[in-house]
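Read the structure below first, then the notes.
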Amino acid sequence: MEELMYEPLEDMNQLITKNRAKLSKEDLNRYKTQSQIIKQVISKFGDPKWDLEEKSGGANFNICQKGVIDLLTKMQDCGPTTKRNLG
Numbered sequence: 325m326e327e328l329m330y331e332p333l334e335d336m337n338q339l340i341t342k343n344r345a346k347l348s349k350e351d352l353n354r355y356k357t358q359s360q361i362i363k364q365v366i367s368k369f370g371d372p373k374w375d376l377e378e379k380s381g382g383a384n385f386n387i388c389q390k391g392v393i394d395l396l397t398k399m400q401d402c403g404p405t406t407k408r409n410l411g
């Protein structure tokens, strides 16, 4: 999961920061919330425990994955974030 998501999430976070002045107040509020969630996901991926749990597998890694999935669901519930809207 980390291999597929880390770079796109990091890119999205940079786009949000770069284009902040171009966004409507509504979009900015939504993107701020999404940016905070992205930072949480990136932080989870960057935590050394993530790699340890992934290598050992089992219930602890399932809990780690569920935490990331919950955050991504929360981000999706905020509404769309597309590069087209940001670029």
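If you count the sequence shown from 1, position 4 lands on 328 in our numbering, and the numbers rise without skipping. Just so it is clear, CB atoms sit at the ideal spot from N, CA and C, and this is done for glycine as well. Since the model is a prediction, treat every value here as computed from it, not as a measurement.
Where does residue i land, buried or exposed, given buried means 16+ other C-beta within 10 angstroms?
| i | result |
| --- | --- |
| ASN353 | exposed |
| SER380 | exposed |
| ASN348 | Note that residue 348 corresponds to Ser in the displayed sequence, not to Asn. SER348 is exposed by the Cβ-count criterion. |
| ILE393 | exposed |
Shortest alpha-carbon distance to residue i belongs to which of the options?
| i | options | result |
| --- | --- | --- |
| GLU334 | PHE369, ASP351 and ALA345 | PHE369 |
| GLY403 | PRO372, GLN389, LYS390 and ILE361 | ILE361 |
Output the distance between the C-alpha atoms of residue i and residue j, rounded to the nearest integer angstrom.
| i | j | result |
| --- | --- | --- |
| ASP375 | ASN343 | 33 angstroms |
| LYS346 | TYR355 | 12 angstroms |
| GLU350 | ASN337 | 17 angstroms |
Under 8 angstroms by Cβ, that's how I've got residue i and residue j pegged, so tell me the actual separation to the nearest angstrom.
| i | j | result |
| --- | --- | --- |
| GLN364 | LEU339 | About 18 angstroms separates the two Cβ atoms, so there is no contact after all. |
| GLN358 | MET399 | 5 angstroms |
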